[in-house]
Amino acid sequence: MNIFFEIHQNLPREAPGDNASTRQAFSLLTNVPPQPKILDIGCGPGMQTIELAKLTDGQIIAVDTHQPFLDELQRRALAEGVSDTINPLNQSMLSLDFAPHSFDILWSEGAIYIIGFETGLKSWQTLLKTGGYLVVSELCWLQPNPPTEVKQFWQTNYPDMKAIDDNLQLIEASGYRQIGHFVLPESSWWDNYYTPLKKRLENLRQKYSDEPQANQDIDNELQEIEIYQKYSDWYGYVFYIMQVQ
Ligand SMILES: C[S@@+](CC[C@H](N)C(=O)[O-])C[C@H]1O[C@@H](n2cnc3c(N)ncnc32)[C@H](O)[C@@H]1O
Numbered sequence: 001m002n003i004f005f006e007i008h009q010n011l012p013r014e015a016p017g018d019n020a021s022t023r024q025a026f027s028l029l030t031n032v033p034p035q036p037k038i039l040d041i042g043c044g045p046g047m048q049t050i051e052l053a054k055l056t057d058g059q060i061i062a063v064d065t066h067q068p069f070l071d072e073l074q075r076r077a078l079a080e081g082v083s084d085t086i087n088p089l090n091q092s093m094l095s096l097d098f099a100p101h102s103f104d105i106l107w108s109e110g111a112i113y114i115i116g117f118e119t120g121l122k123s124w125q126t127l128l129k130t131g132g133y134l135v136v137s138e139l140c141w142l143q144p145n146p147p148t149e150v151k152q153f154w155q156t157n158y159p160d161m162k163a164i165d166d167n168l169q170l171i172e173a174s175g176y177r178q179i180g181h182f183v184l185p186e187s188s189w190w191d192n193y194y195t196p197l198k199k200r201l202e203n204l205r206q207k208y209s210d211e212p213q214a215n216q217d218i219d220n221e222l223q224e225i226e227i228y229q230k231y232s233d234w235y236g237y238v239f240y241i242m243q244v245q
C-alpha cells in the first residue's frame, strides 16, 4: 500500500512557497505584455497559479500529471473567481506539447527538479517567445561544506542539488539573461507546507498504526521535516528569474 497521495492530498501546497514570494518574483519581470500567455509547470494544487491569475490579465495553462491536483486547482480557481483565466491540463513536463514560442512566461515552483534543473532550462526554452521569462524555484545549498547528516540525506534524496552560484552559471550557459534570484524565507517552508503536512502525518499515523509500509512512508516524510528543522541554514529554496535572449 502506498499512502503518498493520501499524505499529500488537499494540502495548501506541495512544495515550500508563499504568495508574497510569488509576487516578489513576478515584480522582477519588467517587460510583460498586458495579457501574457503563461505556462505553470508542475502546478500541483495551484496556490501560485491562482496568485499569478490575480497578478495579470493573461491566460494561464497549468500542467501537472496528477489529476487530483488539477481537480483541486480547478475547485480553488472557481472559489477565487479566477477560473476563466486558468486552464488546468494533464500533461507531463517531460514532453510538453505546445508550439514553439507560445508563451511570454514559463513558471515552475518546486518542480523543475523532476526534469532536472539544467535539462528544464534547455528543453523548455523553445516554448518562450523572444524576450520571454522563465521563473523557477529550486532546492539549493546555501553554504559550502554542510554537516555529514544533511549532506548524506540530500545525497540520497536529491543528489543533483547544487549551490546557488552553480545554478546561476547554468542559467548563463543555457542562453538566458539573469534577472535576479532570492532565497525563500523559512516561513514559506512551514506555513503552507511542513506544518500542515506534519499534522496530516500525525493523523495518518493513528489511522495506519498496524500498517508497516504506511508507517515507513510516514517516517520518511517526517525525517525530511526533521532534517529541515535542524539544518535550514544550510539549504533552501531559491527563486531564479531569467529572460530568454
Ligand atoms: C513538489 S510539487 C510542487 C507543486 C506546486 N508547484 C507547489 O509549489 O505547490 C511537484 C509537482 O510536480 C508534479 N509532477 C510530477 N511529475 C510531473 C511531470 N512529469 N510533469 C508534470 N508535473 C509533474 C507533481 O504531481 C506535483 O504536483
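Quick note on numbering: the sequence shown equals residues 1 to 245 in UniProt numbering.
All residues carry an ideal CB built from backbone N, CA and C; glycine is no exception.
- Classified as buried, N192 has 16 or more neighbouring CB atoms from the shown chains inside 10 Å of its CB.
- Counting only runs of 4+ residues, the alpha helix (DSSP H) found wholly inside the region 164-194 occupies 164-173, in chain order.
- At least one heavy atom of ligand 1 sits closer than 7 angstroms to the Cβ of D64.
- Under the Cβ criterion (8 angstroms, minimum of three pairs), the region 95-103 does not count as touching the region 79-87.
- Measuring C-alpha to C-alpha distances from I114 to each of L127, S102, D104, P159 identifies P159 as the nearest.
- In this model, G131 and G17 are separated by some 26 angstroms (Cα to Cα).
- Annotated three-state conformation of N10 is coil, per DSSP.
- The DSSP assignment places 19-27, 47-55, 67-80 as complete runs of the alpha helix (DSSP H) inside the region 14-102, in order along the chain (cut-off: 4 residues).
- If you compare the alpha carbons of Y228, L201, Q67, K230 with that of I218, the shortest gap goes to L201.
- A heavy atom of ligand 1 is found nearer than 7 angstroms to the CB of A111.
- The Cβ atoms of L11 and L139 lie no closer than 8 angstroms to each other.
- In the DSSP assignment, Y235 is bridged to W141.
- The closest heavy atom of ligand 1 lies 7 angstroms or more from the beta carbon of G132.
- P34 counts as exposed, since fewer than 16 other beta carbons sit within 10 angstroms of its beta carbon.
- The beta carbon of F153 sits closer than 7 angstroms to the beta carbons of I227 from its chain, once the five residues preceding and following it are set aside; these are given in chain order.
- Pairwise C-beta distances place the region 221-237 out of contact with the region 22-42, as fewer than three of them are shorter than 8 angstroms.
- Within a 10 Å sphere around the beta-carbon of D71 sit fewer than 16 other beta-carbons, which makes this residue exposed.
- Residues of the same chain with a CB within less than 6 angstroms of the CB of P36, apart from the 5 flanking positions on each side, are T56, G58, D104, I105 in chain order.
- For E186 and A99, the gap between their C-alpha atoms comes out near 38 angstroms.
- It is roughly 20 angstroms from the alpha-carbon of Q91 to the alpha-carbon of A53.
- For Q245, no alpha helix (DSSP H) segment is defined, and its DSSP state is neither H nor E.
- In this model, V244 and H8 are separated by some 34 angstroms (Cα to Cα).
- Cβ neighbours of N19 within its own chain (closer than 6 angstroms, five residues either side excluded): E51.
- Within the DSSP secondary-structure output, S108 pairs in a beta bridge with V136.
- One thing to note: Y208 has its Cβ no nearer than 8 angstroms to the Cβ of P146.
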